[in-house]
Amino acid sequence: MKPGPPCRNGPSHVAIIMDGNGRWAQARGRPRLYGHNAGARRVREIVETCPELGVKYLTVFAFSTENWKRTQTEVAGLMSLFRRYITREARVLRDQGVRVRFIGDRLRLDKKLVTLMDELEEITANNDLLHLTVALNYGSRDEVARATQRLARDVAAGRLNPDDVNEETLPKYLDTYVLPDPDLVIRTSGEARISNFLLWQSAYAEYEFVDTLWPDFNRDLFARVVRAYGRRERRFGAVTA
Ligand code: IPE
Ligand code: IPE
Ligand code: MG
Numbered sequence: 001m002k003p004g005p006p007c008r009n010g011p012s013h014v015a016i017i018m019d020g021n022g023r024w025a026q027a028r029g030r031p032r033l034y035g036h037n038a039g040a041r042r043v044r045e046i047v048e049t050c051p052e053l054g055v056k057y058l059t060v061f062a063f064s065t066e067n068w069k070r071t072q073t074e075v076a077g078l079m080s081l082f083r084r085y086i087t088r089e090a091r092v093l094r095d096q097g098v099r100v101r102f103i104g105d106r107l108r109l110d111k112k113l114v115t116l117m118d119e120l121e122e123i124t125a126n127n128d129l130l131h132l133t134v135a136l137n138y139g140s141r142d143e144v145a146r147a148t149q150r151l152a153r154d155v156a157a158g159r160l161n162p163d164d165v166n167e168e169t170l171p172k173y174l175d176t177y178v179l180p181d182p183d184l185v186i187r188t189s190g191e192a193r194i195s196n197f198l199l200w201q202s203a204y205a206e207y208e209f210v211d212t213l214w215p216d217f218n219r220d221l222f223a224r225v226v227r228a229y230g231r232r233e234r235r236f237g238a239v240t241a
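First residue of the sequence shown: 1, per the working numbering; consecutive thereafter.
Below you can see the structure in the form of structure tokens.
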């Protein structure tokens, strides 16, 4: 993949809540996993479009800490899909120049999946065209709780002075510590909620809620949403002339 001319005032970091797979399948009288499979196929298309639009960081929400509440069949099907997806896409991603990272709590994930995740991070570690972050067993509140645990340990061990805890040091404990904050957060499927995604990181992001279900979210729609972002005025609390 080659980087294209970035769109003017385009977002550098786009985060996506890929929602609506279940409804997409239901509308076709098929099981929910059919929708998840169709949704997974869209990810490659969106990944490929990013460099053309000047998007350097793409973060996608694949499985939340709350998604364990679904049926055992759906959860097991999703875990198996993640394993198959990584196995199938690993070489393509590496050759496309994509650097892959995972955020979320790996402890509850099965060992085989975690090994595949580690390997994918490793084989793409020298890539820099697009930074793809996959949120898997991720929840913002869980992330903040885990971060606070590590921070508290550092304080208890004398490695961190409580007076030095501030807006610059605290994010270093989050899973996203190497990433810039998202500029644009997109949620598909028409729901206008965040569902525990990147709460700290998206404090000043622009949000776009689109009605399209994730398996129908294609390259053109993505480009349209990214271009629309360029027309927004971000103020960060200040007053612009
Ligand atoms: C998003 O689609 C994928 C995951 C949460 C894993 P959903 O499965 O939530 O689809 P809907 O919202 O039920 O349509
Ligand atoms: C958010 O979608 C999580 C992912 C897209 C992975 P959900 O479908 O789980 O969110 P709710 O339940 O509608 O809030
Ligand atoms: Mg949903």
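Glycine is no exception: its CB is placed at the ideal position from the N, C-alpha and C atoms. Model, not experiment: these values are computed from the prediction.
- Secondary structure at Ser140: helix, using DSSP grouped into helix, strand and coil.
- In the DSSP assignment, Ser64 falls within the unbroken beta strand (DSSP E) covering 57–64.
- Across the set Leu58, Ala125, Met79, Tyr177, the C-alpha of Met79 shows the shortest separation from the C-alpha of Asn67.
- One alpha carbon belongs to Lys69, the other to Leu170, and they sit about 30 angstroms apart.
- When the Cα atoms are used, Met18 and Met1 turn out to be separated by approximately 23 angstroms.
- Separation of Thr65 and Asp142 (C-alpha to C-alpha, rounded to the nearest whole angstrom) is 8 angstroms.
- Close to ligand 1, as judged by a C-beta nearer than 5 angstroms to any of its heavy atoms, are the residues Asp19, Gly20, Asn21, Gly22, Arg23, in chain order.
- Counting along the chain, Ala38 sits inside the alpha helix (DSSP H) bounded by residues 32–53.
- Residue pairing by DSSP places Ala15 opposite Thr59, Val185 in a beta bridge.
- Within 7 angstroms of the C-beta of Phe61 there is at least one heavy atom belonging to ligand 2.
- For Glu89, the enclosing alpha helix (DSSP H) begins and ends at 72–96.
- Placement of the Cβ of Glu66 at a distance of less than 7 angstroms from at least one heavy atom of ligand 2 is found.
- Distance from the Cα of Leu199 is smallest, within the candidate group Gly97, Lys56, Glu48, Phe61, for Phe61.
- Annotated three-state conformation of Tyr229 is helix, per DSSP.
- Tyr177 carries a coil assignment under DSSP once its states are collapsed to helix, strand and coil.
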